[in-house]
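Below: one structure, written as structure tokens.
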Amino acid sequence: MNFKESLLTCLRYKIVNLRDRASRSEYWWFFLFAFALQQVIGFLTVLPGGMYLTIAILLYVGWAQIAVTVRRLHDLNYSGKWLWFAYGPAFMGIFLMIYAGGLDPETLAAVEDGNVPENDLLTYGSFLTIIGFVLSFGVMILCAKAGTVGDNRFGPDPLQQRRNARQYQGFGQGQSFGQGYGQGFGQNQQNQQEQQWQQSQFGQNPNYDQNQEPRRERDDGLYEQDPWAQFEDRDAQFSQRDGEFGFNANAPEDKETYIDPKKRS
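First residue of the sequence shown: 1, per the UniProt record's numbering; consecutive thereafter.
Structure, rendered in structure tokens:
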């Protein structure tokens with residue numbers, strides 16, 4: 001799954017899906033998007049009403065990140081309820097800090113100066129927030145592991161589904177290609193047969209049923225047609241025909257009618 005497919009899946013198609021499984025590519029591409037968004041979204045606060053827009057975007061993307069993390073745990077054959085052990089302390093700590101005024105601008109300025117106000121809720125909230133971030137980092141490392149091969153209790157393997165979809169698409173393309181190739185091959189074969197038939201009608205195609213003229217081997221190992229072989233075969237045919245009709249050139253009674261082949265015009 002590429003970057004675009006991951007964003008469409010997490011922000012649109014499976015924004016409220018807490019049942020299926022998510023592959024590593026789906027999880028990490030969206031994680032990188034959420035991390036980059038947090039770095040640049042602060043510029044929206046300078047716009048009129050930018051604070052509310054920033055909060056809305058962060059809530060929407062944050063929920064999508066929780067959903068994809070739950071699906072990623074499902075791919076590892078873990079229940080999504082384990083995510084509350086990581087995110088629960090962080091959310092509780094942030095809530096206590098807000099309730100105690102720890103996020104008030106004056107309080108934050110005092111913390112930067114080293115003047116930490118005495119507030120037990122603020123201390124507990126900070127402690128829980130740190131624990132939550134550590135556990136969240138552990139979940140992130142866990143999501144880097146390879147998922148369960150094949151089906152598990154949360155559904156089919158997402159990687160296997162993508163492989164099956166690619167094979168199905170490739171099979172459909174291959175089938176159409178095979179049809180075109182088969183049709184072209186049949187047409188070419190038919191054209192070759194028609195061309196051979198036309199050549200045979202005009203004597204251009206050799207007839208292999210007849211006796212072939214003898215060939216002789218040249219010095220370079222190739223074969224060429226013997227130009228004198230046809231004359232030798234013709235003389236042999238004449239001699240055989242003369243023998244069949246009782247003509248003998250060496251007989252005294254036939255010498256008068258015999259004409260030497262070398263003197264023939």
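All C-beta atoms, glycine included, are put in the ideal place defined by N, C-alpha and C. Every value quoted in this text rests on a predicted model; they were computed, and no experiment measured them.
- Three or more beta-carbon pairs drawn from the stretch 14-31 and the stretch 68-80 are found closer than 8 angstroms, and the two stretches are therefore classed as touching.
- Secondary structure note for residue 82: it is in no alpha helix (DSSP H), with a DSSP letter that is neither H nor E.
- Per DSSP, the beta-bridge partners of residue 155 are 152.
- Around the CB of residue 97, 16 or more other CB atoms lie within 10 Å, so the residue is classed as buried.
- The continuous alpha helix (DSSP H) containing residue 55 extends over residues 50-75.
- For residue 15, the secondary structure class from DSSP, reduced to helix, strand or coil, is coil.
- Residue 121 and residue 90 have their C-alpha atoms spaced approximately 14 angstroms apart.
- In the structure shown, residue 10 adopts helical secondary structure according to DSSP, grouped into three states.
- Judged by their CB atoms, residue 10 and residue 72 are not nearer to each other than the 8 angstroms cut-off.
- For the pair residue 16 and residue 34, the CB atoms are not nearer than the 8 angstroms cut-off.
- Around the beta carbon of residue 51, fewer than 16 other beta carbons sit within 10 angstroms, so the residue counts as exposed.
- Residue 146 and residue 93 have their C-alpha atoms some 31 angstroms from each other.
- For the pair residue 4 and residue 167, the Cα-to-Cα distance works out to about 21 angstroms.
- Assigned with DSSP and collapsed to three states, residue 132 falls in helix.
- Comparing alpha carbon positions, the residue from 140, 7, 2 closest to residue 76 is 140.
- Contact between residue 87 and residue 136 holds, with the beta-carbon distance rounding to 7 angstroms and staying under 8 angstroms.
- In chain order, 77 place their CB closer than 7 angstroms to the CB of residue 152, counting only its own chain and leaving out the 5 sequence neighbours on each side.
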